[in-house]
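Visitor: Residue numbering for the sequence shown follows this note's numbering, beginning at 321 and increasing consecutively.
Beta carbons are placed, not taken as given, at the ideal position from N, Cα and C, and that holds for glycine.
Take a look at this one; I'll ask things after.
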Amino acid sequence: MRVEPEDIGFSFRSLAGEVSTAHRHPRAMTGGVPTILRELYRRRLAESENHREMGWLAGNGTFHSNIPEAADLVVAVVYSIFGVCSLVGNTILLYVSYNKKMLLKPAEFFIINLAVSDLGMTLSLYPLAVTSSIYHRWLYGKTVCLVYAFCGVLFGICSLTTLTILSTVCCLKVCYPLYGNRFSPDHGRILIACAWAYALVFACSPLAHWGAYGPEPYGTACCIDWQRSNWDGVARSYTVALFLCCYILPCCVITSAYSQILVTVRESRRAVEQHVSQQTRMGNVQTTIVKLSVAVCIGFFAAWSPYALVSMWAAFGHMDSIPPMAFAIPAVLAKSSTLYNPLVCLLLKPNFRHLLSKDLHSLHRACVFQCRCVRRLSE
């Protein structure tokens, strides 16, 4: 939450009064007027922080939005659309996976885990964000704010980690089949547990006072307390660790993995150019892999890059110079990751798409049969 002049009682009139008082006490003038001004500003800022903390501790966790009401309504509409699409997409993905549970490949366990974490983010964040945006303020108090922020960090990092592991497993299977073919369901379960443990470490750290949770600067959601990381060295170290371990590292791994996949696929295509039938089959596989690679990379960078850059701006820049909308828009983009992940899997994976089409056809036949039965009974 940005500190405004009216929030800390800072005005030139009040400062002038205190400076004139200081003039009447020579001992207070030893540092000169600039020193007095800095000291008075520091004192008022500290008082503002104390008042805000006292309000939090008293349970007064309702705070107002710092963006225009029209922008809040737009955010609410966008969140509503994203939430419904994410709920439907991830539910369908889990339904299709359940129907083919006996045919699941070990690498597809990560797609299921991705759907679970995205669904968790959808159910825990979207309803609170939508209602708060509609009412132009956070409605749910301090405790729910902390839970909201915890869930956002936990599910968000788990999704990022799962995408990173999935890219590595795909790279092993395509580029190093000798090792990739040894990948078993037990390996998949262990790596999924590691993804949740990794996310849990970063989600629990602010609760252990490495970093802090608090309201977003735009005022209708909660996440990492970016304002604290601007002046607190411990909170800043957490922000830097989060940036390096949960953005830079996944970026490097995902980019490297899918780059190797594309290079390997291109070399394989050249190796079978003389065999037309194999070339056609390999071309289809290549097309699918290229689409998946490009979609995952674009989705990852589009969703998380703005938020990561703004977090570093908040940690090392001047917080007062960052407009609240600079936090609101990246937050919307980051939450959109819950939407594109199921779309990538359902639209670009042929086996998932085939099973979904088969299930929809069966559902259509069942509905038609039910309608005919009802019509005959009514006659």
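For the candidate residues ALA390, ALA648 and TYR567, whose alpha-carbon lies nearest to that of SER479?
Guide: Indexing the sequence shown from 1 puts residue 479 at position 159. Here the closest residue by C-alpha is TYR567.
Visitor: Since TYR533 is in the beta strand (DSSP E), which residue starts that stretch and which ends it?
Guide: For this step, residue 533 is matched to residue 213 along the sequence shown. Element bounds for TYR533: 533-535.
Visitor: Which residues mark the beginning and the end of the alpha helix (DSSP H) in which ILE454 is found?
Guide: Here the question's residue 454 lines up with position 134 in the sequence shown. Per DSSP, ILE454 belongs to the alpha helix (DSSP H) from 428-455.
Visitor: Nearest-angstrom Cα distance between MET632 and THR575?
Guide: Walking along the sequence shown from the start, residue 632 turns up at place 312. Walking along the sequence shown from the start, residue 575 turns up at place 255. Across the structure, MET632 and THR575 are spaced so that their CA atoms are roughly 21 Å apart.
Visitor: For GLY476 and ALA654, which I take to be in contact (beta-carbon distance under 8 Å), what is that distance rounded to the nearest angstrom?
Guide: Your numbering for residue 476 matches position 156 in the sequence shown. Your numbering for residue 654 matches position 334 in the sequence shown. Between ALA654 and GLY476 the Cβ distance is about 7 Å, and since that is below 8 Å, they are a contact.
Visitor: Which word fits VAL404, buried or exposed, when buried means at least 16 other C-beta atoms lie within 10 angstroms of its C-beta?
Guide: Sequence index remark: in the sequence shown, residue 404 carries index 84 (1-based). Exposed, since its Cβ has fewer than 16 Cβ neighbours within 10 Å.
Visitor: Over what stretch of residues does the alpha helix (DSSP H) that includes ILE477 continue unbroken?
Guide: The residue given as residue 477 occupies position 157 in the sequence shown. ILE477 -> alpha helix (DSSP H) spans 461-495.
Visitor: Can you tell me whether DSSP reads MET374 as helix, strand or coil?
Guide: One-based indexing of the sequence shown puts residue 374 at position 54. Any reading at MET374 needs caution, since the residue's pLDDT is 33, under 50, leaving its predicted position unreliable; the model's value is listed next. Reduced to three states, the DSSP call for MET374 is helix.
Visitor: For GLY637, does the count of other Cβ atoms within 10 angstroms reach 16, so buried, or fall short, so exposed?
Guide: Residue mapping note: residue 637 aligns to position 317 of the sequence shown, counting from 1. Looking at its Cβ environment, which holds fewer than 16 other Cβ atoms inside 10 Å, GLY637 is exposed.
Visitor: Would you call the stretch 431-438 and the stretch 643-654 in contact, with 3 or more CB pairs under 8 Å?
Guide: no
Visitor: Once you ignore the five residues that flank THR584 on each side, which residues in its own chain have a CB closer than 6 Å to its CB?
Guide: The count along the sequence shown starts at 1 and reaches residue 584 at position 264. So the qualifying residues of the chain are VAL494 and CYS495.
Visitor: Determine the burial state of VAL484: buried for a count of at least 16 other Cβ atoms within 10 Å of its Cβ, exposed for fewer.
Guide: Your numbering for residue 484 matches position 164 in the sequence shown. With the sequence shown as reference, residue 484 is identified as Thr, and Val is not the correct amino acid for it. Answer is buried; the Cβ neighbour count reaches 16.
Visitor: Between the C-alpha atoms of ILE544 and TRP551, what's the straight-line distance to the nearest angstrom?
Guide: Looking up residue 544 in the sequence shown gives position 224. Looking up residue 551 in the sequence shown gives position 231. Using only the alpha carbons, I get a separation of about 14 Å.
Visitor: Where DSSP assigns a beta bridge to ILE544, which residues make up the other side?
Guide: One-based indexing of the sequence shown puts residue 544 at position 224. In DSSP, ILE544 forms a bridge with TYR533.
Visitor: Among PHE503, VAL436, PHE470 and LEU527, which residue has its Cα nearest to the Cα of THR482?
Guide: As a position in the sequence shown, residue 482 is number 162, starting the count at 1. Among PHE503, VAL436, PHE470 and LEU527, the Cα nearest to that of THR482 belongs to VAL436.
Visitor: Which one or two residues does DSSP pair with HIS384 in a beta bridge?
Guide: Sequence index remark: in the sequence shown, residue 384 carries index 64 (1-based). Per DSSP, ARG457.
Visitor: Tell me which residues share the same chain as PRO505 and place their Cβ nearer than 6 Å to its Cβ, disregarding the 5 neighbours each side in the sequence.
Guide: On the sequence shown, residue 505 is found 185 positions in, with the first residue counted as 1. Cβ within range, chain order: PRO426.
Visitor: May I ask which residues mark the beginning and end of the alpha helix (DSSP H) holding PRO650?
Guide: Residue mapping note: residue 650 aligns to position 330 of the sequence shown, counting from 1. Taken as a continuous stretch (DSSP letters only), the alpha helix (DSSP H) holding PRO650 covers 645-655.
Visitor: Spatial neighbours of VAL752 within its chain, please: CB distance less than 6 Å, with the 5 preceding and 5 following residues excluded, ordered by chain position.
Guide: Shown here, the chain extends from 321 to 699; a query on residue 752 therefore has no answer.
Visitor: In whole angstroms, what separates the C-alpha of CYS490 from that of ASN501?
Guide: For the purposes of this step, residue 490 is taken as the residue at position 170 of the sequence shown. For the purposes of this step, residue 501 is taken as the residue at position 181 of the sequence shown. Going from the Cα of CYS490 to the Cα of ASN501 covers about 11 Å.
Visitor: Which residue from CYS571, LEU466, SER579 and ALA391 puts its Cα closest to that of ALA628?
Guide: Residue 628 sits at position 308 when you count from the first residue of the sequence shown. For the residues CYS571, LEU466, SER579 and ALA391, the minimum Cα distance to ALA628 belongs to CYS571.
Visitor: Applying the 10 Å Cβ sphere with the 16-neighbour rule, what's the burial state of PRO644?
Guide: Counted from its first residue, the sequence shown places residue 644 at position 324. Classification for PRO644: buried.
Visitor: Nearest to PRO388 by CA position, among ALA577, GLY539, GLY472 and ASP438, is which residue?
Guide: Position 68 of the sequence shown, counting from 1, holds the residue named residue 388. Nearest of ALA577, GLY539, GLY472 and ASP438 to PRO388, Cα basis: GLY539.
Visitor: Return the chain-ordered list of same chain residues with a C-beta closer than 7 Å to the C-beta of TRP516, the five sequence neighbours on each side being excluded.
Guide: Residue mapping note: residue 516 aligns to position 196 of the sequence shown, counting from 1. Excluding residues within five positions, the ones whose Cβ falls inside 7 Å are CYS478.
Visitor: From which residue to which residue does the alpha helix (DSSP H) around CYS514 run?
Guide: Numbered from 1 along the sequence shown, position 194 holds the residue referred to as residue 514. That run of the alpha helix (DSSP H) goes 505-524.
Visitor: Between the Cα of SER522 and the Cα atoms of ALA555, TYR460 and TYR660, which residue gives the shortest distance?
Guide: Along the sequence shown, read from residue 1 onward, the residue named residue 522 stands at position 202. This sequence places Phe at residue 522; Ser is not what is there. Comparing Cα positions, the closest option is ALA555.
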